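Enquirer: These protein sequence lines map, in sequence, to chains A and B.
Residue 1 is where the first sequence starts when you use the UniProt record's numbering, and the numbers rise one by one after that.
Residue 1 is where the second sequence starts when you use the UniProt record's numbering, and the numbers rise one by one after that.
Pasting a structure here, questions to come.
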Amino acid sequence: MASEMESSLEASFSSSGAVSGASVFLPPARSRIFKIIVIGDSNVGKTCLTYRFCAGRFPDRTEATIGVDFRERAVEIDGERIKIQLWDTAGQERFRKSMVQHYYRNVHAVVFVYDMTNMASFHSLPSWIEECKQHLLASDIPRILVGNKCDLRSAIQVPTDLAQKFADTHSMPLFETSAKNPNDNDHVEAIFMTLAHKLKSHKPLMLSQPPDNGIILKPEPKPAVTCWC
Amino acid sequence: MALPSAQGDGPTSSRWDGGAEKTDFNAKRKKKVAEIYQALNSDPADVAALRRMAISEGGLLTDEIRQKVWPKLLNVNTSDPPPISGKDLRQVSKDYQQVLLDVRRSLRRFPPGMPEKQREGLQEELIDIILLILERNPQLHYYQGYHDIVVTFLLVVGEQLTTSLVEKLSTHHLRDFMDPTMDNTKHILNYLMPIIDQVNPELHDFMQSAEVGTIFALSWLITWFGHVLSDFRHVVRLYDFFLACHPLMPIYFAAVIVLYREQEVLDCDCDMASVHHLLSQIPQDLPYETLISRAGDLFVQFPPSELAREAAAQQQAEKTAASTFKDFELASAQQRPDTVLRQRFRGLLRPEDRTKDVLTKPRTNRFVKLAVMGLTVALGAAALAVVKSALEWAPKFQLQLFP
Chain A
1 MASEMESSLE
11 ASFSSSGAVS
21 GASVFLPPAR
31 SRIFKIIVIG
41 DSNVGKTCLT
51 YRFCAGRFPD
61 RTEATIGVDF
71 RERAVEIDGE
81 RIKIQLWDTA
91 GQERFRKSMV
101 QHYYRNVHAV
111 VFVYDMTNMA
121 SFHSLPSWIE
131 ECKQHLLASD
141 IPRILVGNKC
151 DLRSAIQVPT
161 DLAQKFADTH
171 SMPLFETSAK
181 NPNDNDHVEA
191 IFMTLAHKLK
201 SHKPLMLSQP
211 PDNGIILKPE
221 PKPAVTCWC
Chain B
1 MALPSAQGDG
11 PTSSRWDGGA
21 EKTDFNAKRK
31 KKVAEIYQAL
41 NSDPADVAAL
51 RRMAISEGGL
61 LTDEIRQKVW
71 PKLLNVNTSD
81 PPPISGKDLR
91 QVSKDYQQVL
101 LDVRRSLRRF
111 PPGMPEKQRE
121 GLQEELIDII
131 LLILERNPQL
141 HYYQGYHDIV
151 VTFLLVVGEQ
161 LTTSLVEKLS
171 THHLRDFMDP
181 TMDNTKHILN
191 YLMPIIDQVN
201 PELHDFMQSA
211 EVGTIFALSW
221 LITWFGHVLS
231 DFRHVVRLYD
241 FFLACHPLMP
251 IYFAAVIVLY
261 REQEVLDCDC
271 DMASVHHLLS
281 QIPQDLPYET
291 LISRAGDLFV
301 QFPPSELARE
311 AAAQQQAEKT
321 AASTFKDFEL
331 ASAQQRPDTV
341 LRQRFRGLLR
351 PEDRTKDVLT
361 KPRTNRFVKL
371 AVMGLTVALG
381 AAALAVVKSA
391 LEWAPKFQLQ
401 LFP
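In structure tokens:
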């Protein structure tokens, strides 16, 4: 799995030369934003994962997320400063229906999270995927699957091959990780960075300042949105 | 019309928690304690006075007083035996897993110095109370954040009383949050922007163009700020206020916080992420007493009935699946009595008329009116009119809460 990730990183690096070249001709003031929504059952570790990536450490204690929380981190990819926004959502089903949909707007990527020590959270994935389909207008938005809490080895309920099969069926890359394990810091980092690289080479993204008329981005480049690719 | 800044409190208004002269502070506090006990000890208890005390500066002051007054505010008879269940609810409840997860993670709600054993004991009680209320009221649905409300009661009044108080609260103030869906909660959140618009259109427009939505205030509303404030004293002070007021008061308080942070919001990048991020991080040093009285003023000036139409329109604009039919029905139903009342009371601004009017009104409404007058005496008769209509908006709260 690690090698799969590295190769994907490499691919992004090699394909992004044209992008950095183009940015020379544009005002550098605004950084691009990658908006990523993180979804999955209650207590699978969505808050811990996003916190880990944005703050660089496992949070001391987390509480149930009510509604939607937001974290962001600025990264540099191929010399371009990019803001990665992570939208951390509530796991309880009732919040999804009428509350969270507003936050699916302009989403560039989706991270599905399940708890490797909780089979039920894995079995919920099809309904999360369906949910996501209903909210997102574009069908080819990058999606990844993250199995969290892999440090709890003795409690694992979701075997890797089962998860891998599921990921393949839905054409998503699978990552098994732990937001808690200090040795895995680079790993959580790499997951989100892989996604960021993929996005960078994938399609135009909105600027820091969204257009006033609230255009919803579709995968096709639209004339109203600056395309840097 | 912009709200004056917090510094504009002026020299005449003394603060319970301020640095005013200590003797004055103690004297006022002592006087208030005496007044509260007087209201408690009169037969029957003077609930209207207790409501005023809960709203006015400093609220109910101590947990000892809260243990006595909160049941009165909710009309719960403390001598009734606490409800119990014969079943093993942890075995049969469909909500057990979710409640367990949420309560286990709620460490931050307990006082920092509390011994682990004691905290764990309280967490177990918390789970049992929630499951019991849910079992006794199958129409109620658990939501994440409900545990933040229940823990506040548990820490103030103890296990036995908590069940009765929270059960009452859940079938009244919190009822809309406990529907099978969150559509009604969303509807209540839709009051937020119209309130802001009334006071500060510039701020309103900025937030609209940022498309920030209202979810930043969701946890404020459904936990009565219990989820976001780390100082427990602030939480219980707000609970005093909300328990004494109309169920929509928390959304007015949310609006007041946003309005108070006007400059910070306007200085932010005009996009959803920046504004959501700023607003969802609630400052811990808010001037609560000032904000409470502003929220009361706003409620009186822009009562729910007046905002219903706009909130409904907002809902429509967002094309949600909510029951717009109900919204419009409410909006139109409220239109007439409200207007009529306001016209009727416009000429009655002299104090003697106001008193007379209060005395001739049915008892049910008088309690509420007096409470709000204690909050915003300056608004006088207008307050009476609008609060009455506000209650008509939600008649289900009226009879049970203000018998």
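Backbone N, C-alpha and C fix where the C-beta goes; we use that ideal spot for every residue, glycine too.
Note that the structure is predicted; figures quoted are calculated from it, not measured.
Looking at chain A, which residues of the segment 134-157 of chain B have a Cβ within less than 9 Å of any of its Cβ atoms?
Expert: Listed in sequence order: His141, Tyr142, Tyr143, Gln144, Gly145, His147, Asp148.
Enquirer: DSSP three-state call for Asn41 of chain B: helix, strand or coil?
Expert: The answer is helix: DSSP assigns Asn41 of chain B an H, G or I state.
Enquirer: Which same chain residues, not among the five before or five after Thr214 of chain B, have their C-beta less than 6 Å away from its C-beta?
Expert: Closer than 6 Å at the Cβ level, and outside the excluded window around Thr214 of chain B, lie Leu189, Leu192.
Enquirer: Is it right to say Asn77 of chain B is buried, meaning 16 or more other beta carbons lie within 10 angstroms of its own, or is it exposed?
Expert: Under this definition Asn77 of chain B is an exposed residue.
Enquirer: Would you call Asn183 of chain A buried or exposed, if buried means 16 or more other Cβ atoms sit within 10 Å of its Cβ?
Expert: Exposed is the call here.
Enquirer: Figure out for me which residue from A:Thr47, A:Ala64, A:Ile77, A:Thr65 has the closest Cα to the Cα of Phe34 of chain A.
Expert: Looking at the Cα atoms, A:Ile77 is the closest of the given residues.
Enquirer: Please report whether the beta-carbon of Thr169 of chain A lies at a distance below 8 Å from any beta-carbon of chain B.
Expert: Chain B, which has no Cβ nearer than 8 Å to the Cβ of Thr169 of chain A, makes this no.
Enquirer: Would you tell me roughly how many angstroms separate the C-alpha atoms of His227 of chain B and Gly145 of chain B, rounded to the nearest one?
Expert: His227 of chain B and Gly145 of chain B: Cα-Cα distance of roughly 7 Å.
Enquirer: So, using beta-carbon positions, are Met116 of chain A and Lys149 of chain A closer together than 8 Å?
Expert: Yes, they are a contact pair.
Enquirer: Can you check which of these residues, B:Leu307, B:Glu262, B:Leu165, B:Pro283, is closest to Leu243 of chain B by C-alpha distance?
Expert: For the residues B:Leu307, B:Glu262, B:Leu165, B:Pro283, the minimum Cα distance to Leu243 of chain B belongs to B:Leu165.
Enquirer: Given Phe70 of chain A, which residues of its chain have a CB within under 8 Å of its CB, disregarding the five upstream and five downstream residues?
Expert: Counting only Cβ-Cβ distances below 8 Å, and skipping sequence neighbours, we find Gln85, Leu86, Trp87, Asp88.
Enquirer: What are the boundary residues of the alpha helix (DSSP H) that Thr171 of chain B is part of?
Expert: First-last of the alpha helix (DSSP H) with Thr171 of chain B: 159-171.
Enquirer: Run through chain B and tell me which residues come within less than 8 Å of Ala90 of chain A, C-beta to C-beta.
Expert: Result: Gln144.
Enquirer: Any beta carbon from chain A within less than 8 Å of Leu307 of chain B's own beta carbon?
Expert: So, not an interface residue.
Enquirer: Please determine, among B:Ile292, B:Leu74, B:His246, the residue with the shortest C-alpha to C-alpha distance to Ala45 of chain B.
Expert: Ranking the options by Cα distance to Ala45 of chain B, first place goes to B:Leu74.
Enquirer: Output needed for Ile251 of chain B: all residues of its chain with C-beta closer than 8 Å, excluding positions within five of it in sequence on either side, in chain order.
Expert: If we look at Ile251 of chain B and ignore the five residues flanking it on each side, its Cβ neighbours are Ile188, Leu189, Tyr191, Leu192, Ile195, Ala217, Leu221.
Enquirer: So, helix, strand or coil for Gly147 of chain A, using DSSP?
Expert: Three-state DSSP puts Gly147 of chain A in a strand.
Enquirer: So with Cβ pairs under 8 Å, would you call Val68 of chain A a contact of chain B?
Expert: Closer than 8 Å to some Cβ of chain B, the Cβ of Val68 of chain A qualifies, so yes.
Enquirer: What residues in the segment 25-58 of chain B have a beta carbon less than 7 Å from any beta carbon of chain A?
Expert: Cβ contacts with chain A come from no residue of the segment 25-58 of chain B.
Enquirer: Going by other Cβ atoms of all chains shown within 10 Å of its Cβ, with 16 needed for buried, is Asp267 of chain B buried or exposed?
Expert: Burial call: exposed.
Enquirer: Along chain B, in chain order, which residues have C-beta atoms closer than 7 Å to that of Lys97 of chain A?
Expert: By Cβ distance, chain B contributes Thr181, Met182.
Enquirer: Does DSSP put Arg105 of chain B in a helix, a strand or coil?
Expert: Reduced to three states, the DSSP call for Arg105 of chain B is coil.
Enquirer: Find out if the Cβ-Cβ distance for the pair Ala210 of chain B, Val258 of chain B is shorter than 8 Å.
Expert: Cβ atoms of Ala210 of chain B and Val258 of chain B: not closer than 8 Å.
Enquirer: Can you pull the chain A neighbours of Gly226 of chain B, defined as C-beta to C-beta under 7 Å?
Expert: Here the premise fails: no neighbours, minimum Cβ distance about 11 Å.
Enquirer: Against chain A, does Gly213 of chain B count as a neighbour if the rule is that its beta carbon must be under 8 Å from one of theirs?
Expert: Chain A, which has a Cβ nearer than 8 Å to the Cβ of Gly213 of chain B, makes this yes.
Enquirer: Tell me Ala71 of chain A's beta-bridge partners as DSSP assigns them.
Expert: For the sequence presented, residue 71 of chain A should be read as Arg rather than Ala. According to DSSP, Arg71 of chain A bridges with A:Leu86.
Enquirer: Determine the extent of the beta strand (DSSP E) in which Ile129 of chain B is found, giving its start and end residues.
Expert: Unbroken run through Ile129 of chain B is the alpha helix (DSSP H), 116-136; no beta strand (DSSP E).
Enquirer: Can you find the residues in the same chain that come closer than 6 Å, C-beta to C-beta, to Asn184 of chain B, ignoring five residues on each side of it along the sequence?
Expert: So the list reads Asp176, once near-sequence residues are dropped.
Enquirer: State the Cα-Cα distance for the pair Leu126 of chain B and Thr162 of chain B, rounded to the nearest angstrom.
Expert: C-alpha separation (whole angstroms): 9 Å.
Enquirer: Assuming His108 of chain A and Leu174 of chain A are in contact, meaning their beta carbons sit under 8 Å apart, how far apart are those beta carbons, in whole angstroms?
Expert: Actually they do not touch by this definition, with Cβ atoms about 20 Å apart.
Enquirer: Rank A:Thr177, A:Glu131, A:Ala167 by C-alpha distance to the C-alpha of Ile156 of chain A and give the top, closest one.
Expert: Taking only the C-alpha atoms, the option nearest Ile156 of chain A is A:Thr177.
Enquirer: According to DSSP, is Asp24 of chain B part of a helix, a strand, or is it coil?
Expert: Helix at Asp24 of chain B.
Enquirer: Which one or two residues does DSSP pair with Asp115 of chain A in a beta bridge?
Expert: Asp115 of chain A pairs with A:Asn148.
Enquirer: Straight-line CA distance for Cys132 of chain A to Lys97 of chain A?
Expert: Straight-line Cα distance between these residues: approximately 11 Å.
Enquirer: Taking just the CA atoms, how far does Ile282 of chain B sit from Glu189 of chain A?
Expert: Using only the alpha carbons, I get a separation of about 28 Å.
Enquirer: Are the beta-carbon atoms belonging to Arg29 of chain B and Leu61 of chain B less than 8 Å from one another?
Expert: In this structure, Leu61 of chain B lies closer than 8 Å to Arg29 of chain B by Cβ.
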